[in-house]
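Peer 1: In the order they appear, the protein sequences are chains A and B. Be aware that the first sequence starts at 14, since it is given in this note's numbering, and climbs by one per residue. Be aware that the second sequence starts at -10, since it is given in this note's numbering, and climbs by one per residue. Every residue gets a Cβ at the ideal spot worked out from N, C-alpha and C, and that includes glycine. Nothing here was measured: the structure is a model prediction, and the numbers come from that model.
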Amino acid sequence: MNVRLRDALPLVLGATLLLWTVWPWTPLARLTRSGPPPRTIVLYGFSILGEALDQAVLPEFARRWQAATGERVAFITSYAGSGTVTNQLLLGVPADLALLSLELDARRLADAGVIPAGSWLRLPFHGVVNRTPFVLLVRPGNPKGIHDFADLARPGIGVVHPDPLTSGGANWALLTEYGSAVRRLPQPASADAVEQAGYRSLLGVWRNVVAQAASARAARTQFENGFGDVLVTYEQDVLPSGKKKPGQDAPRWEIVYPPSTVLSEHTLVVVDRNITPEERPLIDALVRFLWSEPAQRLFVERGFRSIDERLNGANPHFGVIRDPFLVSDLGGWPAAKREIIERIWKGRVLPEIGK
Amino acid sequence: MIAAGPRGGQRAGIPVGMLLLVLLPLILMPIAAVFVFALRGGLSELIKALSAEDALFALRFSLLIAFLTAGINAVLGTFAAYVLSKYRFPGERPLTIAVNLPVAIPTVVVGTSLLLLWGPIGLLGRALEPLGLQPMFTPVGVLLAHLFVTFPYMLGSVKPLLDDLESTYEEAAYTIGASRWQTFRWVILPALRGGLFSGTLLTFAHSLGEFGATVMVSGNLRLRTQTAPLYIFAQFEAGNVAQANAVAAVLAALSFVLFFYLLRFSTAPGARRKA
Chain A
14 MNVRLRDALP
24 LVLGATLLLW
34 TVWPWTPLAR
44 LTRSGPPPRT
54 IVLYGFSILG
64 EALDQAVLPE
74 FARRWQAATG
84 ERVAFITSYA
94 GSGTVTNQLL
104 LGVPADLALL
114 SLELDARRLA
124 DAGVIPAGSW
134 LRLPFHGVVN
144 RTPFVLLVRP
154 GNPKGIHDFA
164 DLARPGIGVV
174 HPDPLTSGGA
184 NWALLTEYGS
194 AVRRLPQPAS
204 ADAVEQAGYR
214 SLLGVWRNVV
224 AQAASARAAR
234 TQFENGFGDV
244 LVTYEQDVLP
254 SGKKKPGQDA
264 PRWEIVYPPS
274 TVLSEHTLVV
284 VDRNITPEER
294 PLIDALVRFL
304 WSEPAQRLFV
314 ERGFRSIDER
324 LNGANPHFGV
334 IRDPFLVSDL
344 GGWPAAKREI
354 IERIWKGRVL
364 PEIGK
Chain B
-10 MIAAGPRGGQ
0 RAGIPVGMLL
10 LVLLPLILMP
20 IAAVFVFALR
30 GGLSELIKAL
40 SAEDALFALR
50 FSLLIAFLTA
60 GINAVLGTFA
70 AYVLSKYRFP
80 GERPLTIAVN
90 LPVAIPTVVV
100 GTSLLLLWGP
110 IGLLGRALEP
120 LGLQPMFTPV
130 GVLLAHLFVT
140 FPYMLGSVKP
150 LLDDLESTYE
160 EAAYTIGASR
170 WQTFRWVILP
180 ALRGGLFSGT
190 LLTFAHSLGE
200 FGATVMVSGN
210 LRLRTQTAPL
220 YIFAQFEAGN
230 VAQANAVAAV
240 LAALSFVLFF
250 YLLRFSTAPG
260 ARRKA
């Protein structure tokens, strides 16, 4: 009897596990669930959006939609580096909407025919949902005395940087490393002086890059785990607001605001080919909601800077930047990509470091 | 005086100690770390982390895929082993090699090639698209990847047993008028029990932990196609180490039970048969 019992145990364990596994898919479980299944929206976002969307903005939309129509809405979301998300979209993931870190990724989608060319430009604010400046994150007390991008070039500084191949944040970081140096030049500056200043700044930073991560969020995790002395990243991702629950450890870092830095602009794309006519009103309502004041206020609460400047006073954690600039100040993304990222960073800086 | 053999007690101290010393940093401490980090916030935190909707879904979904993969590959693998072991045909050797290849191909490559084959812009995918069928980025895509990656395990567990099986038993069965199916059911299958059992468990365990191919073909959608390993990776990347380790601890505990039975069964087949 004893032996039989012992032999039966794995069978019983296996059967229990199987039952637990398939339970939600059995007709019995369906009966206990009330009401029709919720309508679903599939949304892909770049890495730092996770909490702001999943915990604040999307639930608020679902609440409003249900109040207005009685229908429940469920969100199926996925977050990764903006480049990774873009590659997934190119391969055909079933996204209805994607919030990308930079317009450049929207252009890649348009070039591949995933979305109509320039379709995001017809959205409010040319598709830009919110912004956040690029900052430097250092160890508590700023032991290495880092105050600007130029300090990153000093010997012995370890820089943690997201990977420009997959991370939108890394591309913004390249712009700010270049732009902050260029904007310090006495005006008017010759084209040659501009290029030299930008090249030197990028070279200085990239000589000291000790770790590259696939996304800005992954780079932050690396920094948190003790790698490097400084991280170049989105202000939103390192602000205390709405991120850490009370009782959690205080962040083991300090934010340094460089005198001059770029404000990243995050672009929404609507993937029309994955949206059925029945889904259209729901998706359109969500798109409108993202630019509404309640949604923008939620973004501000969660550390993003609103496209509506008047709302940004609501977050006391926002730091002061003396000279913020936009990608349009550098000639827009296509030119910035061609000149700064491809020609100078990839063409001159990387080969120089490889030597 | 007789020296203690390899199984003797007295002299085991030194080699066992040395083995432990090597295994401690390599294997044992990393395993312990999973549980230490999962339990750092206390048991209630662990339970809270596990009752999150997406964590629960990821575990369930992983188990579902593992059950399906183990079930399907148990049948397919045994069939493949039977054909490859009992029949001689041209191309048998290359085919044998081909079906064993999935162990050696990097799983990321498996994921990419599945995408290039079944994806919306893929070879077969393009033909399926007009029919409204799209296996990639759905649970079916995940299942396809797991079937591919784990295929050799069943084959490897069953085929050696079939190769060793004396054909006289089979012939005897035929002589007394048994059909091909009867012979398989009553003569061959009982002899394969051990292999079937260990092959199925290995397949199950591997499917539970599969990452590389899954991350490519699943689209990583929470509550839809996110398996437990993908959940762990996503949570860890997002800095939610406690969430990640809670699910990792469950996977580790499950594997422990799986291999406990796998070992007990494969080391004592005689004891089992008597029961």
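From Gln79 (chain A) to Phe312 (chain A), what distance separates their C-alpha atoms?
Peer 2: Looking at the two C-alpha atoms, the distance is approximately 21 Å.
Peer 1: In chain A, which residues lie less than 9 Å from Asn234 (chain B) when you measure between Cβ atoms?
Peer 2: Going along chain A, no residue has its Cβ under 9 Å from Asn234 (chain B), so there is no contact; the nearest lies around 13 Å.
Peer 1: CA-CA distance, Tyr71 (chain B) and Arg77 (chain B)?
Peer 2: Going from the Cα of Tyr71 (chain B) to the Cα of Arg77 (chain B) covers about 11 Å.
Peer 1: Output needed for Ala235 (chain B): all residues of its chain with C-beta closer than 6 Å, excluding positions within five of it in sequence on either side, in chain order.
Peer 2: Taken in chain order, the residues that qualify are Ala27, Leu35, Ala38 and Leu39.
Peer 1: Does Leu380 (chain A) have its Cβ less than 7 Å from a Cβ in chain B?
Peer 2: Nothing about residue 380 (chain A) can be reported from this structure: the residues present for chain A run from 14 to 368 only.
Peer 1: Would you say the beta carbon of Pro4 (chain B) comes nearer than 6 Å to a heavy atom of the ligand PLP?
Peer 2: As for the ligand PLP, it is missing from this structure, which has no ligand bound.
Peer 1: Tell me the rounded alpha-carbon separation between Ala264 (chain B) and Pro218 (chain B).
Peer 2: Note that Ala264 (chain B) scores 34 on pLDDT, short of 50, meaning its location in the model is unreliable; the coordinates nonetheless yield the value given after this. Taking the straight line joining both Cα atoms gives about 37 Å.
Peer 1: Against Gly130 (chain B), what residues of chain A qualify as contacts under a CB-to-CB distance less than 7 Å, listed in chain order?
Peer 2: Residues of chain A passing the Cβ test: none, with the nearest at roughly 11 Å.
Peer 1: Please report the straight-line C-alpha distance between Ala298 (chain A) and Glu199 (chain B), rounded to a whole angstrom.
Peer 2: Rounded to whole angstroms, Ala298 (chain A) to Glu199 (chain B) spans 38 Å at the Cα level.
Peer 1: Taking its Cβ as the centre, do 16 or more other Cβ atoms sit within 10 Å of Gly192 (chain A), making it buried, or is it exposed?
Peer 2: So Gly192 (chain A) ends up on the buried side.
Peer 1: Using a Cβ distance threshold of 8 Å, determine whether the segment 281 to 292 of chain A contacts the segment 110 to 128 of chain A, with at least three qualifying pairs required.
Peer 2: Short answer: they touch.
Peer 1: Can you check which of these residues, A:Val223, A:Leu198 and A:Ala194, is closest to Tyr212 (chain A) by C-alpha distance?
Peer 2: Here the closest residue by C-alpha is A:Ala194.
Peer 1: For Glu267 (chain A) and Arg77 (chain A), I'd like the C-alpha separation in whole angstroms.
Peer 2: Going from the Cα of Glu267 (chain A) to the Cα of Arg77 (chain A) covers about 37 Å.
Peer 1: From the DSSP secondary-structure annotation, give me the bridge partner or partners of Asn143 (chain A).
Peer 2: DSSP lists A:His279 and A:Ser319 as partners of Asn143 (chain A).
Peer 1: Just checking my contact of Val269 (chain A) with Val148 (chain A) at CB under 8 Å: how many whole Å lie between their CB atoms?
Peer 2: Confirmed, Cβ separation roughly 7 Å.
Peer 1: Spell out whether any CB of chain A is found under 7 Å from the CB atom of Ala227 (chain B).
Peer 2: Interface residue, yes.
Peer 1: Using a 10 Å radius around the Cβ and a threshold of 16 neighbouring Cβ atoms, would you call Arg169 (chain B) buried or exposed?
Peer 2: Flag for Arg169 (chain B) reads exposed.
Peer 1: Sorted by chain position, which residues of the same chain lie with C-beta nearer than 8 Å to Thr53 (chain A)'s C-beta, five sequence neighbours on each side aside?
Peer 2: Contacts found: Val86, Ala87, Phe88 and Ile89.
Peer 1: Using the Cβ count rule (16 or more neighbours within 10 Å means buried), how would you classify Arg19 (chain A)?
Peer 2: With fewer than 16 other Cβ atoms within 10 Å, it is exposed.
Peer 1: Three-state secondary structure (DSSP) at Thr192 (chain B)?
Peer 2: Correct three-state label for Thr192 (chain B): helix.
Peer 1: Measure from the C-beta of Arg213 (chain B) to each C-beta in chain A and report whether the shortest distance is under 7 Å.
Peer 2: For Arg213 (chain B), the answer is yes, since a Cβ of chain A falls inside 7 Å of its Cβ.
Peer 1: So, with DSSP's three-state summary, where would you put Val64 (chain B)?
Peer 2: Helix at Val64 (chain B).
Peer 1: Taking Cβ positions, are Pro271 (chain A) and Phe162 (chain A) nearer each other than 7 Å?
Peer 2: Cβ atoms of Pro271 (chain A) and Phe162 (chain A): closer than 7 Å.
Peer 1: When you compare the CB of Tyr71 (chain B) with every CB in chain A, is at least one pair closer than 7 Å?
Peer 2: Judged by the 7 Å Cβ criterion, Tyr71 (chain B) is not in contact with chain A.
Peer 1: With burial defined as no fewer than 16 other Cβ atoms inside 10 Å of the residue's Cβ, what is the status of Arg211 (chain B): buried or exposed?
Peer 2: Result: buried.
Peer 1: Which whole-angstrom value describes the C-beta separation of Val147 (chain B) and Gly66 (chain B), a residue pair presumed to lie in contact below a C-beta threshold of 8 Å?
Peer 2: Confirmed, Cβ separation roughly 6 Å.
Peer 1: What's the gap between the Cα of Ala41 (chain B) and the Cα of Trp358 (chain A)?
Peer 2: If I take the Cα positions, the gap works out to 43 Å.
Peer 1: Classify Ser51 (chain B) as buried or exposed, calling it buried when 16 or more other Cβ atoms lie within 10 Å of its own Cβ.
Peer 2: Buried.
Peer 1: Out of A:Arg323, A:Val151 and A:Thr29, which has the shortest C-alpha to C-alpha gap to Phe236 (chain A)?
Peer 2: Looking at the Cα atoms, A:Val151 is the closest of the given residues.
Peer 1: Shorter than 7 Å from the beta carbon of Leu251 (chain B) to some beta carbon of chain A?
Peer 2: No - not a single Cβ of chain A is within 7 Å of the one on Leu251 (chain B).
Peer 1: Identify every residue that forms a DSSP beta bridge with Tyr92 (chain A).
Peer 2: Beta-bridge pairing links Tyr92 (chain A) to A:Gly58.
Peer 1: Which residue marks the beginning of the alpha helix (DSSP H) containing Tyr270 (chain A), and which one marks its end?
Peer 2: Counting along the chain, Tyr270 (chain A) falls outside any alpha helix (DSSP H), and DSSP gives it neither H nor E.
Peer 1: At what residues does the alpha helix (DSSP H) containing Val174 (chain A) begin and finish?
Peer 2: According to the sequence shown, residue 174 (chain A) is His rather than Val. It is not in any alpha helix (DSSP H) - His174 (chain A) instead sits in the beta strand (DSSP E) that spans Val172 to Pro175.
Peer 1: Checking 7 Å against the spacing of the C-beta atoms, do Ser4 (chain A) and Gly94 (chain A) come in under that value?
Peer 2: Residue 4 (chain A) lies beyond the stretch modelled for chain A, which goes from 14 to 368, so this question has no answer here.
Peer 1: Does Ser305 (chain A) have its Cβ less than 7 Å from a Cβ in chain B?
Peer 2: Chain B contact via Cβ: absent.
Peer 1: Here's a check: name, in chain order, each residue in its chain whose Cβ is nearer than 6 Å to the Cβ of Phe225 (chain B), leaving out the five neighbours to either side.
Peer 2: Hits under 6 Å: Ala233.
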